[in-house]
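**Student:** My structure is below; once you've seen it, I'll send some questions.
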Amino acid sequence: MLGISTQALFGQLLIGLINGAFYAMLSLGLAVIFGLLNIINFSHGAQYMLGAFCAWFLLQDFGIGYWWSLLIAPIVVGAIGVVIERTMLSRLYKLDHLYGLLLTFGLALIFQGVFTNYFGSSGQPYRLPEEFSGTFDLGFMFLPKYRAWVIIASLMVCLGTWFVIERTKLGSYLRAATENPALVQAFGINVPRMVTLTYGFGVGLAALAGVMAAPIYQVNPLMGANLIIVVFAVVVIGGMGSILGAIITGFGLGVVEGLTKVFYPEASNTVIFVVMVLVLLVKPAGLFGRER
Amino acid sequence: MSASVATEAAVAVRNSRSGLVAIGAMAAFFAIAPFLGLYPVFLMKALCFALFACAFNLLIGFGGLLSFGHAMFLGTAGYACAHAAKVWGLSPEFAILFGTVCAAVLGVVVGALAIRRQGIYFAMITLALAQMIYFFCLQAKFTGGEDGIQAVPRGRLLGVFDLAEPLVMYYFVLVVFLAGFLLIYRTVHSPFGQVLKAIRENEPRAISLGYDAERYKLLAFVLSATLAGLAGATKAIVFQLASLTDVHWTMSGEVVLMTLLGGMGTIFGPVVGAFVIIGLESYLASFGQWVTVITGVIFVVCVLAFRRGIVGEFTAWWDARRL
């Protein structure tokens, strides 16, 4: 087909799906945080990086493997997030939302600067867990086991988050507080605590993505810096009104990026931004967004 | 951006005569600065960034629009100017003009797209578009990729003044800076500037009064982009270099920091902020990556405890003392 081997096509599609999995998880966390806190968490990329480094430290210094890292890293980084929310972000809610963006941008610079200082800008390899070495033979291509796991696991995480928010009691409180925090508080629900935990959860989600990314991309202090800008574009394209929208947009754009690598590699870095421009022209509120 | 900034702006308008005196004092200070032991290269760098920050401040401080991608105008104009001066052999004034026009054109396109969304989305869109420009500059042939455009000739200004002389170059930069600064000052205090502030404070109300808010915002965006481009083009001639640093998102963050530290919505804030940050960077250059950490700390401290910035705090203190 057009002189492109199916091998290359499916290979890039797979990479696109993997990237899309990370876009989806990160933009989901951004959307959840934005829904309740009304701030854009610029340090989301840095917290994704922290998650990856947390897994790396656990393995390097304590011999704790991948599976435990999947649990521990999000809790540790989420706890850092809770501290950030309590000590800093909570002071800004009465101000213009842009201050939250500026504060978290500063935090991102601090995290990235500290880690670059100790680790340089080169990556640290993270050993793949034993059970994931090897590939599945699908007939038309070889699918590395770990990549299959990442796609499935991230889908599970995304759909799990969707289920909690859209289909449980806790989620209904969350959605109600997004619409009208004062009223929900009047019904006796501790909204400030919910806000804190939501931020912790969103940040934990970024850290979880970081752990899952560690064996694929190298663990690098700047791994989140460029990613977060693409994720911002994904958020603009999808609009932050809908959880499912964030998931679909994330995976979809990953695939679009992968396909661009096959057919016109020069544009693969910029294709998501081009899509963003087109969406802004046609539907400024985003594909799944509501105009406020 | 907030009520406190608005009152300061009102104070600034009230004191427009003392404002002109202050501008005169600033111009006089910069005119003798090279003889006070300050290095012309440092001064030129700081003045370029001061103009860049003033242009950015026009948008955030008076229009309430936070652009997180202003580096694209600085960098694009730098590349265009360097290319025009080096490859086409244009004289410096036309090379700078060409760079500035390129930034203005880019400003029209980006502005028309970005003002379709507000607030946080506006910031994300400008950041994403700037990243697109960054990748374009990384891949395009004429930008020289990682090397940038080096050894750009400074040339002779109007065929008369030899810009290779550091002092001649300095005074040229000073004139460019003052021209840009006065244009911004004039804009802010014009009816246009007042409408812009009205839109910032309450957009639906401004629309109901019959103002075409979109057009005002776009015009402010283009003006800001043009002046940022003027700063970038001048900078390319001064340092004889156009590089990827100037289009990178860290540069967009830096200009936000300068304005925030100096005082958003104040006339002199961005100038003070630019000098402090550039001074800090050259002083701390040997600390490597710790500069990033310190930058981040300044951001956090400014947002949490120092939102009016240096000039804003000073004005507030001064006004309180007089009452």
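Chains as they are written, first to last, in this note's numbering: chain A, 136 to 427; chain B, 659 to 981.
By construction, the Cβ of each residue, glycine as well, lies at the ideal position given by its N, Cα and C atoms.
Note that this is a predicted model, so its numbers are computed, not measured.
Which ranges does the alpha helix (DSSP H) cover as unbroken runs of at least 4 residues, wholly within the stretch 218-275 of chain A, from first to last along the chain?
**Tutor:** You should have 233-254.
**Student:** Against L787/B, what residues of chain A qualify as contacts under a CB-to-CB distance less than 7 Å, listed in chain order?
**Tutor:** Residues of chain A passing the Cβ test: F408.
**Student:** Would E912/B be called buried (16 or more neighbouring beta carbons within 10 Å of its own) or exposed?
**Tutor:** E912/B is buried by the Cβ-count criterion.
**Student:** At 4 residues or longer, what runs of the alpha helix (DSSP H) sit wholly inside the stretch 818-853 of chain B?
**Tutor:** List check, alpha helix (DSSP H) in window: 824-846.
**Student:** Beta-carbon separation of L701/B and A691/B under 8 Å?
**Tutor:** In this structure, A691/B lies closer than 8 Å to L701/B by Cβ.
**Student:** Please classify R980/B as buried or exposed, where buried requires at least 16 other C-beta atoms within 10 Å of its C-beta.
**Tutor:** Result: exposed.
**Student:** Using the beta-carbon count (16 or more within 10 Å), is Y874/B buried or exposed?
**Tutor:** It counts as buried.
**Student:** How big is the Cα-Cα spacing for F687/B and G802/B?
**Tutor:** So the alpha carbons of these two residues sit roughly 38 Å apart.
**Student:** Residues of chain A with CB under 8 Å from A781/B, in chain order?
**Tutor:** I175, L233 and L236, listed in chain order.
**Student:** Which chain A residues sit within Cβ distance under 8 Å of V958/B?
**Tutor:** Residues of chain A passing the Cβ test: M223, L238, G241, L242 and I245.
**Student:** Any residues in the stretch 196-229 of chain A with a beta carbon nearer than 8 Å to a beta carbon of chain B? Which ones, in chain order?
**Tutor:** Those would be M223, R226 and L227, in chain order.
**Student:** Along chain B, which residues have their Cβ under 7 Å away from the Cβ of A368/A?
**Tutor:** Result: A786.
**Student:** Among L755/B, L915/B and T924/B, which one has its Cα closest to the Cα of A738/B?
**Tutor:** Comparing Cα positions, the closest option is L755/B.
**Student:** What residue range is occupied by the uninterrupted alpha helix (DSSP H) comprising L152/A?
**Tutor:** It spans T141 to L172 - the alpha helix (DSSP H) in which L152/A sits, taken as one unbroken run.
**Student:** Less than 8 Å between the CB atoms is what I'm expecting for T758/B and L888/B, so what's the real figure, rounded?
**Tutor:** About 5 Å separates the two Cβ atoms, so the contact holds.
**Student:** Using CA coordinates, which residue listed in P811/B, S901/B, V914/B and G921/B is at the minimum distance from F752/B?
**Tutor:** Among P811/B, S901/B, V914/B and G921/B, the Cα nearest to that of F752/B belongs to P811/B.
**Student:** Since M790/B meets chain A, which of its residues come closer than 7 Å, beta carbon to beta carbon?
**Tutor:** Neighbours of M790/B on chain A, chain order: T405 and F408.
**Student:** Taking only three categories from DSSP, how would you classify I807/B?
**Tutor:** Three-state DSSP puts I807/B in a strand.
**Student:** Taking C-beta pairs closer than 7 Å, name the residues in chain A that Q947/B reaches, listed in chain order.
**Tutor:** Within chain A, the residues near Q947/B are G248, T251 and N252.
**Student:** Would you kindly report the start and end of the unbroken alpha helix (DSSP H) that includes F756/B?
**Tutor:** Taken as a continuous stretch (DSSP letters only), the alpha helix (DSSP H) holding F756/B covers P750 to A772.
**Student:** Which full runs of the alpha helix (DSSP H) of 4+ residues lie inside the stretch 665-718 of chain B, going along the chain?
**Tutor:** With a minimum length of 4 residues, the continuous alpha helix (DSSP H) runs that stay inside the stretch 665-718 of chain B are 674-690.
**Student:** By alpha-carbon positions, which one of L899/B, G727/B, F707/B and Y792/B ends up nearest to H741/B?
**Tutor:** Comparing Cα-Cα distances from H741/B to each of L899/B, G727/B, F707/B and Y792/B, the minimum goes to L899/B.
**Student:** Any beta carbon of chain B sitting closer than 8 Å to that of V397/A?
**Tutor:** No, V397/A does not count as interfacial toward chain B.
**Student:** Please specify which runs of the alpha helix (DSSP H), each continuous and at least 4 residues long, are wholly inside the stretch 169-211 of chain A, giving them in chain order.
**Tutor:** The stretch 169-211 of chain A contains these whole alpha helix (DSSP H) runs: 179-197.
**Student:** Considering Cα atoms alone, identify which of V834/B, V699/B, G719/B and T884/B is closest to L854/B.
**Tutor:** Among V834/B, V699/B, G719/B and T884/B, the Cα nearest to that of L854/B is on G719/B.
**Student:** Any idea which residues DSSP pairs L815/B with across the strands?
**Tutor:** DSSP lists F819/B as partners of L815/B.
**Student:** For a contact defined as C-beta to C-beta under 8 Å, what are the partners of P279/A on chain B?
**Tutor:** Going along chain B, no residue has its Cβ under 8 Å from P279/A, so there is no contact; the nearest lies around 28 Å.
**Student:** Chain B beta carbons: is any one of them nearer than 8 Å to that of M411/A?
**Tutor:** Closer than 8 Å to some Cβ of chain B, the Cβ of M411/A qualifies, so yes.
**Student:** Output needed in chain order: residues of the stretch 379-394 of chain A with a Cβ under 9 Å from some Cβ in chain B.
**Tutor:** Residues: none.
**Student:** Give the secondary structure of A798/B by DSSP, where H, G and I count as helix, E and B as strand, and everything else as coil.
**Tutor:** The answer is coil: DSSP assigns A798/B none of H, G, I, E or B.
**Student:** Given this structure, state the Cα-to-Cα distance separating I372/A from C760/B, to the nearest angstrom.
**Tutor:** Approximately 27 Å between the Cα atoms of the pair.
**Student:** Report the option in N860/B, R675/B and V767/B whose CA atom is closest to the CA atom of A883/B.
**Tutor:** Nearest option by C-alpha distance: V767/B.
**Student:** Rounded to a whole number of angstroms, what is the C-alpha to C-alpha distance between A804/B and C795/B?
**Tutor:** Ala is not the amino acid found at residue 804/B; the sequence shown has Glu there. Rounded to the nearest angstrom, the two C-alpha atoms are 9 Å apart.
**Student:** Going by DSSP, what residue range makes up the beta strand (DSSP E) through F277/A?
**Tutor:** From DSSP, the beta strand (DSSP E) with F277/A extends over F277 to P279.
**Student:** Could you tell me the alpha carbon to alpha carbon distance between I807/B and L144/A, rounded to whole angstroms?
**Tutor:** If you take the alpha carbons of I807/B and L144/A, they lie about 37 Å apart.
**Student:** Assign I900/B to one of three DSSP states: helix, strand, or coil.
**Tutor:** Inspection of the sequence shows that residue 900/B is occupied by Ala rather than by Ile. Three-state result, A900/B: strand.
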